[in-house]
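Engineer: Let me give you the structure first, and then I'll get to my questions.
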Amino acid sequence: MKGRIHSFDTFGTVDGPGIRFVLFMQGCALQCQYCHNPDSWEMNAGRQMDVEEIMNEIEPYLAYYQHSGGGITVTGGEPTLQAPFLARLFAECKRRWGLHTVLDTNGFCEPNHAQELLHVTDLVLLDLKQMNSDKHITLTAQPNDRIKRFAYHLNEINKPLWIRHVLVPGWTDDYKDLLELGMFIGSLDHVEKLELLPYHRMGVYKWQQMGKVYPLENCPTPTEQEVVRARSIIELGIQTYQPDGVGLED
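According to our numbering, the sequence shown is numbered sequentially starting from 1410.
Structure, rendered in C-alpha cells:
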C-alpha cells in the first residue's frame, strides 16, 4: 500500500506539541476560499510513497522529535481520505519508536472510515471552519453536517482535541457564528486547546501559479484587536456549556 504525498516538513513546530515531522497528504474534498495549499486538492497528484520510505525520512531527525515531546503530524490536503494507509504508518511509528501521533483534519469524514486510524492517533487537531451550514458551503463547497458528526464521534471515544478556527474578516468573524462555534466547542468534553488562526495570504502565489482566480483577493488580514474580540465571543459561547472551560490553552 502506498500513500499519495504532497510534501513534508522535518522540523514543524506549530502542528501539535514539540518538534514534529509534518506529512502533507494529497487530496481534499473541500475547496476553501482561503486555502494556502490549493495544489493539494487533486486526489491523483502527488508523490506515491510507502510506509518504509516515510519512516526513512523520519529516522534522521528522530532524536529531535523524541526529546522535545514531539512526534509525527499528518495534515493535507485532507489525511482521512487516505485513512487506511495512515493507520499503518502511525502503527509502525508507535511500534518502532513510540512516537506521539497527531491527525490534523477538517473532519469531513465518516467515523467508520477512520476507526483504525483514530485507534493509533494520540491527538486530533480539528479545523472547524464555519458553523453556519449555508456559509460553510459558500466557503468550502461542502456542507458541515459530516464534520459535526465526526466531532461528536471524537467526543464519544474520548479523543483529546485541539480546535482550530481560521479567522477570516467578512467570512468567519460574524458575532453569531463565533458564538455558535463557542457553544459547539463547549458541547465537547475533551477539548484541550483552542487555536484561533488569523487569516494570511502566504498561499496566494500558488493560486496564481495554477492559473486560478484567488477569491479573497481583497480580504484583509485581521488585526490583533479583531482576534481578541473573536476569542472573547467564542469563550462566551463555551461558557454556555462549560463555565470552567474558558481556561482552554491559547
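Think of the CB as a built atom: it goes at the ideal place given N, C-alpha and C, for glycine as much as any other residue.
1. Can you give the Cα-Cα distance for Pro1447 and Gln1648, rounded to whole angstroms?
2. Cα separation between Lys1544 and Pro1552?
3. Note down, in chain order, each residue of its chain lying with its Cβ closer than 7 angstroms to the Cβ of Pro1607, except the 5 sequence neighbours on either side.
4. For Leu1390 and Thr1482, I'd like the C-alpha separation in whole angstroms.
5. Where Leu1603 and Asp1531 are concerned, what is the direct C-alpha to C-alpha distance, given to the nearest angstrom?
6. For Leu1576, does the three-state DSSP call read helix, strand or coil?
7. Based on the DSSP secondary-structure assignment, which residues constitute the bridge partners of Ser1416?
8. Hey, could you find the ends of the alpha helix (DSSP H) Pro1493 is sitting in?
9. Could you give the residue range of the alpha helix (DSSP H) that holds Ile1594?
10. In terms of residues, what are the limits of the alpha helix (DSSP H) holding Leu1471?
11. Mind reading off the beta-carbon distance from Phe1433 to Thr1484? Whole number of angstroms is fine, and I expect it under 8 angstroms.
Structural biologist: On the basis of the data shown:
1. Cα to Cα, the separation comes out at about 36 angstroms.
2. Spanning the two alpha carbons is a distance of roughly 9 angstroms.
3. So the list reads Leu1576, Thr1630, Pro1631, Val1636, once near-sequence residues are dropped.
4. Not covered by the structure: residue 1390. The range shown for the chain is 1410 to 1659.
5. So the alpha carbons of these two residues sit roughly 17 angstroms apart.
6. If DSSP states are grouped into helix, strand and coil, Leu1576 belongs with the strands.
7. DSSP output for Ser1416 lists Phe1433 as bridge partner(s).
8. Unbroken alpha helix (DSSP H) run through Pro1493: 1492-1506.
9. For Ile1594, the enclosing alpha helix (DSSP H) has its first and last residue at 1584-1595.
10. Run containing Leu1471: 1471-1476, per the alpha helix (DSSP H) assignment.
11. Confirmed, Cβ separation roughly 6 angstroms.
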